[in-house]
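Each residue of the sequence shown is one higher than the one before, starting from 1 at the first, in the UniProt record's numbering.
Think of the CB as a built atom: it goes at the ideal place given N, C-alpha and C, for glycine as much as any other residue.
None of these values were measured; they are calculated from a predicted model.
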Amino acid sequence: MINSVGLLAAYDEQLRTDAETPSAVSVTRHGPLRLVTFAGGRGFVTYRDLGGADADTIRRLVPETLAHYQADPEIERVKWKARGHDHAPGLHEALLENGFTADEPESIMIGEARLLAVDVPLPEGVTLRRVSEEADVRAMSAMQDEAFENPVSDDMANALLRRLARDDGMELWVAEAGGRIVSAGRLEPVPGTDFAGIWGGATLAEWRGRGIYRALTAARARSALRMGKTLINSDSTEYSRPILERYGLIKVSTTTPYNWQR
């Protein structure tokens with residue numbers, strides 16, 4: 001029987017490795033940390049665990065990590081991904097002291113793909129499809145910015161187009177109504193693991209609560225199963241967490257992004 005303990009162990013063992021950052025430009029090891037650089041001036045800090053580090057060690061690691069990125073003039077922002085189940089004494093305080101700000105915690109959700117791969121009726125006139133053409137990717141990205149109430153930017157669209165050019169397995173799925181994208185999300189199969197991640201789920205406000213996000217999730221789960229992936233993971237907001245829980249995913253921990261900008 002799959003339970004939260006077993007799912008969390010699989011998450012730590014299979015995903016908190018280089019598999020977590022398939023599109024990295026470079027990865028530098030610093031003690032227990034993996035200091036990742038992505039295209040577009042983005043830094044990302046992650047790790048399997050902190051190796052039993054005490055508060056003094058963590059207080060030293062944080063500014064050393066920041067100095068690594070500050071030495072690269074192309075790095076504009078850095079995200080440190082903390083997990084709620086880690087032993088990390090003083091990490092929150094050390095990050096704030098070094099200029100990071102904390103986003104709202106999200107739930108780490110994991111479950112069996114087969115539990116999500118069910119038939120979901122769509123509202124009349126709404127259709128689902130996988131997209132890869134540049135115009136579709138840019139329209140999808142703009143819709144997601146709108147749904148999250150962010151300024152529309154080309155940054156995410158450009159990053160997704162670079163990923164598609166590498167053909168690394170990522171899939172982009174959208175729901176459309178009247179020729180307009182109203183919901184979207186990514187599927188990220190993780191090579192060498194049982195996992196595929198579902199990310200970037202967004203639905204325009206006027207289309208929420210009508211089963212569209214659920215149908216988009218089911219389509220991605222079916223695709224994951226076709227790839228041989230049996231587990232689905234997602235970092236979920238409080239909007240999407242209850243939807244995933246209703247269909248069998250389990251909250252195994254939390255994750256909090258801490259962000260620094262130059």
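Taking all protein chains shown into account, Val131 has 16 or more neighbouring C-beta atoms within 10 Å of its C-beta and is therefore buried. Its Cα nearest to that of Arg210, the residue Val120 stands out among Val120, Phe148, Arg246 and Gln144. Just so you know, the alpha carbons of Ser183 and Val78 end up roughly 28 Å apart. Taking C-beta atoms under 8 Å as the contact rule, Leu116 and Ile212 fail to qualify, at a distance of about 15 Å. In the structure shown, Thr65 falls within a helical segment according to DSSP collapsed to helix, strand and coil.
With a 10 Å radius around the Cβ and a threshold of 16 neighbouring Cβ atoms, Arg262 comes out exposed.
For the pair Gly248 and Asn233, the Cα-to-Cα distance works out to about 12 Å. Counting C-beta pairs with one atom in each stretch, the segment 94–108 and the segment 138–148 have fewer than three that are closer than 8 Å, which means they do not touch. Nearest to Leu161 by alpha-carbon distance, out of Asn3, Val174 and Ser141, is Ser141.
For Glu176, the uninterrupted beta strand (DSSP E) segment begins and ends at Glu171 to Ala177.
Here the alpha carbon of His92 sits roughly 10 Å from the alpha carbon of Val62. In this structure Tyr258 does not touch Ala88 by the C-beta definition: roughly 11 Å separates them, more than the 8 Å allowed. For the pair of segments examined, the segment 94–101 was found not to touch the segment 179–194: the number of CB pairs separated by less than 8 Å stays below three. Contact between Arg48 and Thr21 is ruled out by a C-beta separation of about 13 Å, above the 8 Å threshold.
Within its own chain, the residues whose Cβ lies closer than 7 Å to the Cβ of Val25, once the five positions on either side in sequence are excluded, are Thr37, Phe38 and Ala39, listed in chain order.
Boundaries of the beta strand (DSSP E) harbouring Glu112: Glu106 to Glu112, taken from the DSSP string. With a 10 Å radius around the Cβ and a threshold of 16 neighbouring Cβ atoms, Arg180 comes out exposed. DSSP links Arg77 through a beta bridge to Arg42 and Gln261. Within the model, the alpha-carbon separation for Asp72 versus Arg42 is close to 11 Å. Counted as a single uninterrupted DSSP element, the alpha helix (DSSP H) harbouring Leu225 occupies residues Ile212 to Arg226.
Taking 9 Å as the cut-off, the beta carbon of Ala177 is found closer than this to the beta carbon of Gly125.
Where Asp235 is concerned, the enclosing beta strand (DSSP E) starts and stops at Leu231 to Ser236.
Counting only the Cα atoms, Tyr69 lies some 9 Å from Glu76.
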